[in-house]
Amino acid sequence: MTPTPDSPATFRAPTRFGDFGGVFAPETLMAPLQELERAWLELRADASFTDELEGLLEHYAGRPTPLTHVRRFSERIGVEVWLKREDLLHTGAHKLNNTLGQCLLAQRMGKRRILAETGAGQHGVATATACALLGLECTVYMGAVDAARQRPNLLRMELLGARVHIVEHGQRTLKDAINEALRAWVGEPETTHYVLGSVLGPHPFPSMVADFQEVIGREARAQVLERRGALPDVAVACVGGGSNAIGLFRAFVPDASVALVGVEAGGEGPATGKHAARFAGGTPGVLHGCYTWLLQDADGQIEDTHSVSAGLDYPAVGPEHAALRARGRARYEWADDDDALRGFEALAELEGILAALESSHALGWVLRECESLAGQCVLINLSGRGDKDLDTIAALRAERGR
Ligand SMILES: *Cc1c(COP(=O)(O)O)cnc(C)c1O
């Protein structure tokens, strides 16, 4: 599928990243998207907003997050590895950077009702958390299949005061939850704001979410310069929709000496068809309002994805990644379920850190590539902590006789 023109003249900021992105949305969503863009552009330039957000990030969420030089892991693989510790942010992942930003924005726009989608439940929990803090009403759309396999996060959202709306159609997973949340937003855009969880969807979401996640790379770049006196050779992050990776990459894009590597979920291996490696097995097309790389069949039907990690199990990748790849500034690799398990185990045993399975894909890729990376300095974004994944990890280990 090729992109058809949207009406960028009605938006103020660029709606595309190179050929990718855009606004492929129904007419009824154009006005709310334009209103959102206007509010975001105004408030990002308003010191009372940015000061309030920075205050929440520091005193509530725990920023700046540390930068850790993992010495034993580094010695074991012959690569100098540093971790940006988003696992230590409140609620255990980078997602709160975005939900605090968007919920504060909604509050300033006078919208008291928040809608969000969730797959594994991490974005739902981060949204429900921000809503509890700011006194906003929260409804989270979650596929029935996901709700059944992510019960602890369902309970967390309810304890935080959110209403969880179970989605019973389609594959009953994340893609269907996004469809339902978008539909609900179209229904009452005056009173509600839709908090999208990654650098996806129609403009302004990919740009706005990246804006709220940029703090990761801004801090990491300053921290690594202060601690080691030089930039890393490579910056690596796992890529689901791509928000933690864009959050890390943006600060380093102007540094030509720093290679940027995004790691997608290889599942059981791209050759098996059971994976979520959009750049390895996909083609460009439109999903959920933007033109980007997708897993789709020859008729444009979205394909089922597979990954051991729920947070990477999505058929599309953020358009800014598609553009970074097209102009050769970033490259995209994959790590399969086994690589991720090995990355998880190594960090746990050598450093005392239980990484999220998503982040373990970045660790697993570095581990697999340690010969080609020998002697280099690699900065990895540890996007989240692994407590949520312990049952999955135990099952994987049992299957492999460990
Ligand atoms: C949701 C999630 C991801 C994937 O989302 P991105 O938008 O690609 O960052 C990665 N890591 C963790 C810990 C997550 O919760």
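The working numbering puts the sequence shown at residues 19 to 420. The beta carbon of each residue, even a glycine, is placed where N, CA and C say it ideally should be.
Taking the alpha helix (DSSP H) that L152 falls in, what are its first and last residues? Taking the sequence shown and counting its residues from 1, one reaches residue 152 at position 134. Taken as a continuous stretch (DSSP letters only), the alpha helix (DSSP H) holding L152 covers Q140 to L152.
If contact is defined by three or more beta carbon pairs under 8 Å, each pair taking one atom from either stretch, is the stretch 297-311 in contact with the stretch 67-86? no
Beta carbon of A238 nearer than 8 Å to that of A269: Working through the sequence shown from its first residue, we reach residue 238 at position 220. Working through the sequence shown from its first residue, we reach residue 269 at position 251. Yes, Cβ-Cβ distance for A238 and A269 is below 8 Å.
Restricting to Cα atoms, I'd like to know which of L408, Q394 and Y159 is closest to R190. Counting from 1 along the sequence shown, the entry for residue 190 is found at position 172. Closest by alpha carbon: Y159.
Among all residues, which have a Cβ less than 5 Å from at least one non-hydrogen atom of ligand 1, and in what chain order do they fall? A111, Q140, S216, G258, G259, G260, S261, N262, G329, A374, E376, S401 and G402
For G179 and T117, I'd like the C-alpha separation in whole angstroms. Here residue 179 corresponds to residue number 161 of the sequence shown, with the count starting at 1. Here residue 117 corresponds to residue number 99 of the sequence shown, with the count starting at 1. Whole-angstrom Cα-Cα distance: 16 Å.
What does E17 pair with, by DSSP beta-bridge criteria? As shown, the chain starts at 19 and ends at 420. That puts residue 17 outside it, with no answer to give.
8 Å contact criterion, which G283 and D317 should meet: CB distance rounded: As a working mapping, residue 283 is identified with position 265 in the sequence shown. As a working mapping, residue 317 is identified with position 299 in the sequence shown. At residue 283 the sequence reads Ala, which differs from the Gly that was named. The pair is not a contact, with the Cβ atoms about 24 Å apart (cut-off 8 Å).
Nearest by alpha-carbon distance to D273: which of P224, D405 and A348 is it? Position 255 of the sequence shown holds residue 273. Measuring from the Cα of D273, the nearest candidate turns out to be A348.
Could you please give me the residues that DSSP links to V384 through a beta bridge? In the sequence shown, the residue the question calls residue 384 occupies position 366. V384 is not bridged to any residue.
Short check: CB of I132 to CB of T147, under 8 Å? As a first step, residue 132 is located in the sequence shown; it is residue number 114 there, counting from the start. As a first step, residue 147 is located in the sequence shown; it is residue number 129 there, counting from the start. The answer is no: Cβ separation not under 8 Å.
Where E208 and F29 are concerned, what is the direct C-alpha to C-alpha distance, given to the nearest angstrom? Within the sequence shown, residue 208 is the residue found at index 190, counting from 1. Within the sequence shown, residue 29 is the residue found at index 11, counting from 1. Distance between the alpha carbons of E208 and F29: 19 Å.
Tell me whether T46 is buried or exposed, calling it buried when 16 or more other Cβ atoms sit within 10 Å of its Cβ. Taking the first residue of the sequence shown as position 1, residue 46 is located at position 28. Exposed.
Compute the beta-carbon to beta-carbon distance between V304 and V384, rounded to the nearest angstrom, for a pair I have assumed lies under 8 Å. Counting from one through the sequence shown, the residue named residue 304 turns up at place 286. Counting from one through the sequence shown, the residue named residue 384 turns up at place 366. At roughly 33 Å, the Cβ-Cβ gap does not stay under 8 Å, so V304 and V384 are not in contact.
Note the first and the last residue of the continuous alpha helix (DSSP H) segment covering I196. Here residue 196 refers to the residue found at position 178 when the sequence shown is read from its first residue. Per DSSP, I196 belongs to the alpha helix (DSSP H) from L192 to G205.
Hey, would you say A162 sits closer than 8 Å to E186, going by beta carbons? Within the sequence shown, numbered from 1, the residue matching residue 162 stands at position 144. Within the sequence shown, numbered from 1, the residue matching residue 186 stands at position 168. Going by C-beta atoms, A162 is nearer than 8 Å to E186.
What is the C-beta distance between P333 and E321, in whole angstroms, given that I count them as a contact (C-beta under 8 Å)? Start at 1 with the first residue of the sequence shown, and residue 333 comes out as number 315. Start at 1 with the first residue of the sequence shown, and residue 321 comes out as number 303. At roughly 6 Å, the Cβ-Cβ gap stays under 8 Å, so P333 and E321 are in contact.
As a quick exercise: from L101, H87 and L71, pick the residue whose alpha carbon is nearest that of A373. Taking the first residue of the sequence shown as 1, we reach residue 373 at position 355. For A373, the nearest C-alpha among the options comes from L101.
Buried or exposed by the 16-neighbour rule on C-beta atoms within 10 Å, applied to E389: Indexing the sequence shown from 1 puts residue 389 at position 371. E389 should be labelled exposed.
What are the boundary residues of the beta strand (DSSP E) that D354 is part of? The residue you call residue 354 lines up with position 336 of the sequence shown. D354 -> beta strand (DSSP E) spans A348 to D354.
Could you give the distance in angstroms between the alpha-carbon of G3 and the alpha-carbon of N262? The question about residue 3 has no answer, for the chain in this structure spans 19 to 420.
Whose C-alpha, out of F230, E338 and E93, is nearest the C-alpha of E369? As a position in the sequence shown, residue 369 is number 351, starting the count at 1. Of F230, E338 and E93, the residue nearest in Cα terms is E93.
Unbroken alpha helix (DSSP H) run spanning P302, endpoints: In the sequence shown, residue 302 corresponds to position 284, counting from 1. P302 -> not in any alpha helix (DSSP H); beta strand (DSSP E) instead, spanning T301 to L305.
Three Cβ pairs or more, each shorter than 8 Å: is that satisfied between the stretch 118-129 and the stretch 54-73? yes
So, at 7 Å on beta carbons, what are the nonlocal neighbours of L218 in its own chain, with the 5 sequence-adjacent residues on each side left out? Residue 218 sits at position 200 when you count from the first residue of the sequence shown. The residues are P224, G259, H306, C308, A334 and G336.
DSSP three-state assignment for Q314, whether helix, strand or coil: Position 296 of the sequence shown, counted from the start, is the residue given in the question as residue 314. Here Q314 sits in strand by DSSP.
Buried versus exposed, by CB contacts within 10 Å (16 or more), T157: Taking the first residue of the sequence shown as position 1, residue 157 is located at position 139. The residue is buried, with at least 16 neighbouring Cβ atoms inside 10 Å.
Taking C-beta to C-beta, are N115 and V233 nearer than 8 Å? As a position in the sequence shown, residue 115 is number 97, starting the count at 1. As a position in the sequence shown, residue 233 is number 215, starting the count at 1. Closer than 8 Å, so yes.
CA nearest to the CA of R89, picked from E367, A412 and E376: For this step, residue 89 is matched to residue 71 along the sequence shown. The shortest C-alpha separation from R89 is found at E367.
Taking buried to mean at least 16 other C-beta atoms within 10 Å of its own C-beta, is G285 buried or exposed? Within the sequence shown, residue 285 is the residue found at index 267, counting from 1. Buried, because 16 or more other Cβ atoms sit within 10 Å of the Cβ of G285.
What's the call for T323, buried or exposed, on a 16-neighbour Cβ count within 10 Å? Stepping through the sequence shown from its first residue, residue 323 is reached at position 305. By the 10 Å Cβ count, T323 comes out buried.
With R343 as the anchor, note down where its alpha helix (DSSP H) starts and where it stops. What you label residue 343 is simply residue 325 of the sequence shown in a count that begins at 1. Per DSSP, R343 belongs to the alpha helix (DSSP H) from P337 to A344.
Looking at F425: is its Cβ nearer than 8 Å to the Cβ of Q394? Because the chain spans 19 through 420 in this model, residue 425 falls outside it and cannot be assessed.
Beta-carbon proximity list for T20, same chain, < 6 Å, skipping 5 on both sides: What you label residue 20 is simply residue 2 of the sequence shown in a count that begins at 1. With a pLDDT of 45 at T20, under the threshold of 50, the predicted position of this residue should be treated as unreliable, though the coordinate-derived value follows. Nothing meets the Cβ criterion.
Taking 8 Å as the cut-off, decide whether the C-beta atoms of V281 and V257 are in contact. To locate residue 281, count along the sequence shown from 1; it is residue 263. To locate residue 257, count along the sequence shown from 1; it is residue 239. Closer than 8 Å, so yes.
DSSP state of G161 mapped onto helix, strand, coil: Within the sequence shown, numbered from 1, the residue matching residue 161 stands at position 143. Here G161 sits in strand by DSSP.
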